[in-house]
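Under my numbering, residues 208 to 573 are what the sequence shown spells out, in order.
Backbone N, C-alpha and C define an ideal beta-carbon position, used for all residues, glycine too.
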Amino acid sequence: MIDRRLLTNFDWKIFLLITVIVALGVLNIHSASASYKLAGLSYSVKQIYWFMIGIMLVVLTCSVDYHILEDLSFWFYGILIVFLLLVLVVGKTTMGATRWLHLGFFTIQPSEPMKIVITVTFASFFTRVAPQSLLGLKEIIRPLAILMVPALLIAKQPDLGTAIMVCLVAGSIILAVGVRWSTMLTLILTAIPILFIAWNFLLRAYQKNRVLNFLSPERDPLKSGYHLIQSKIAVGSGGITGKGFMHGTQSQLRFLPEQHTDFAFSVFAEEWGFIGSIVVLALYFALIIWGMNVAARCNDRFGTLLAVGVTAMLFWHIIINIGMVIGLFPVVGVPLPLFSYGGTSMITSMIGVGLLMNINMRRFMF
Numbered sequence: 208m209i210d211r212r213l214l215t216n217f218d219w220k221i222f223l224l225i226t227v228i229v230a231l232g233v234l235n236i237h238s239a240s241a242s243y244k245l246a247g248l249s250y251s252v253k254q255i256y257w258f259m260i261g262i263m264l265v266v267l268t269c270s271v272d273y274h275i276l277e278d279l280s281f282w283f284y285g286i287l288i289v290f291l292l293l294v295l296v297v298g299k300t301t302m303g304a305t306r307w308l309h310l311g312f313f314t315i316q317p318s319e320p321m322k323i324v325i326t327v328t329f330a331s332f333f334t335r336v337a338p339q340s341l342l343g344l345k346e347i348i349r350p351l352a353i354l355m356v357p358a359l360l361i362a363k364q365p366d367l368g369t370a371i372m373v374c375l376v377a378g379s380i381i382l383a384v385g386v387r388w389s390t391m392l393t394l395i396l397t398a399i400p401i402l403f404i405a406w407n408f409l410l411r412a413y414q415k416n417r418v419l420n421f422l423s424p425e426r427d428p429l430k431s432g433y434h435l436i437q438s439k440i441a442v443g444s445g446g447i448t449g450k451g452f453m454h455g456t457q458s459q460l461r462f463l464p465e466q467h468t469d470f471a472f473s474v475f476a477e478e479w480g481f482i483g484s485i486v487v488l489a490l491y492f493a494l495i496i497w498g499m500n501v502a503a504r505c506n507d508r509f510g511t512l513l514a515v516g517v518t519a520m521l522f523w524h525i526i527i528n529i530g531m532v533i534g535l536f537p538v539v540g541v542p543l544p545l546f547s548y549g550g551t552s553m554i555t556s557m558i559g560v561g562l563l564m565n566i567n568m569r570r571f572m573f
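Below is the structure:
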């Protein structure tokens, strides 16, 4: 039974903020996919269904004491590692990538929930270890080993964008715990030869092209550089006030690839311009500030680190996606949370929001 005190302390303002972001996203998805010929439900209607499922998951997440996750974290971690291994063996291949696992009645992408699970796992690990001083190289080896297993399995799919996100979330928690400067310098120096090996022996040709096109999109404007060029045209052509809802030429004439998923913000910027883009960024800024406040006001170490990880997950998604579509970062498959189309992404983001609400509400109960 749900504790009545939870309902009393439920943050309705944040729930309204989330609803506004999703509503803008649904309108944008409707515009972005208006030219598509679909046999079933439209993408915008499907997104509403996913949001409704997300609301139920928020309620479910809030009704369970988040401290239970501290004991179950490594169980969840182990289960997802098994799923990631199964993806490589019997996973569903789409557009050259094997990221989906069919489980009878539904299909899941295990790499998405790993962002939440790695957050819970790292929060649990550093709560149990609870170092008395800044982390040294010896203290950081175990968490890095825990991180590398899912990161390498996800990169193998290949899904470099999600692998980077998992590393960024875990890295944010490590920085929140505290790391010695000497350890940071050692890790940076170690990363240089690793990046050299990855570039020459691990990265696939299309992944290298994404980095090279980020540096110079004009080197292959009709193929590997096409995404970034069209995205920058869409964002720039929006001007101050935009071209109007469903009047963006780049999206309606389908020059933009993946315009309802990875490049959803490009569609929005073209139709609503600089002013509309600032509004969306302000909404996200409010969400991130709220997440940071939840972490700062939490009464226990596990809750604080969990809130830091979830907030970092949302933050890095926002920064990388928007930076990608305006040409500040290479093109990677990172959706804009609560805004881009995608059931797994929506559910992961809503569970993250539910955890933040859970932590925020329970500080009034102890």
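Please tell me whether residue i and residue j are closer than 7 Å, where the distance is taken between their beta carbons.
i, j, result
"Leu563", "Val517", "yes"
"Ile529", "Phe472", "yes"
"Thr226", "Phe509", "no"
"Val324", "Tyr273", "no"
"Glu477", "Gly451", "no"
"Trp257", "Gly550", "yes"
"Val532", "Gly368", "no"
"Pro464", "His434", "yes"
"Ala358", "Ala370", "yes"
"Tyr250", "Ile236", "yes"
"Ser438", "Phe403", "no"
"Ser458", "Val474", "yes"
"Pro320", "Leu291", "no"
Within the same chain, show all residues whose beta-carbon is closer than 6 Å to that of residue i, passing over the 5 residues directly before and after it, in chain order.
i, result
"Thr511", "Ala502, Cys505"
"Ser379", "Ala519"
"Ala377", "Ile325, Phe329, Leu354"
Which residues does DSSP pair with residue i in a beta bridge?
i, result
"Val386", "Leu342"
"Ile325", "Its beta-bridge partners do not exist; DSSP assigns none."
"His309", "Thr314"
"Lys299", "Trp307"
Taking its Cβ as the centre, do 16 or more other Cβ atoms sit within 10 Å of residue i, making it buried, or is it exposed?
i, result
"His467", "buried"
"Asp278", "exposed"
"Gly559", "buried"
"Phe408", "exposed"
"Pro365", "buried"
"Ile361", "buried"
"Ile395", "exposed"
"Pro338", "exposed"
"Tyr491", "buried"
"Trp497", "buried"
"Leu543", "buried"
Quick one: residues in its chain with C-beta nearer than 7 Å to the C-beta of residue i, no 5 flanking neighbours on either side, listed in chain order?
i, result
"Gly385", "Leu341, Leu342"
"Leu293", "Leu308"
"Ala493", "Leu224"
"Ile495", "Thr518, Leu521, Phe522"
Mind reading off the beta-carbon distance from residue i to residue j? Whole number of angstroms is fine, and I expect it under 8 Å.
i, j, result
"Val327", "Leu276", "5 Å"
"Met557", "Val271", "That pair is no contact at about 15 Å."
Leaving out five residues on either side along the sequence, give the residues of the same chain with a beta carbon under 8 Å from the beta carbon of residue i.
i, result
"Met372", "Lys322, Met520, Trp523, His524, Ile527, Val541"
"Trp219", "none"
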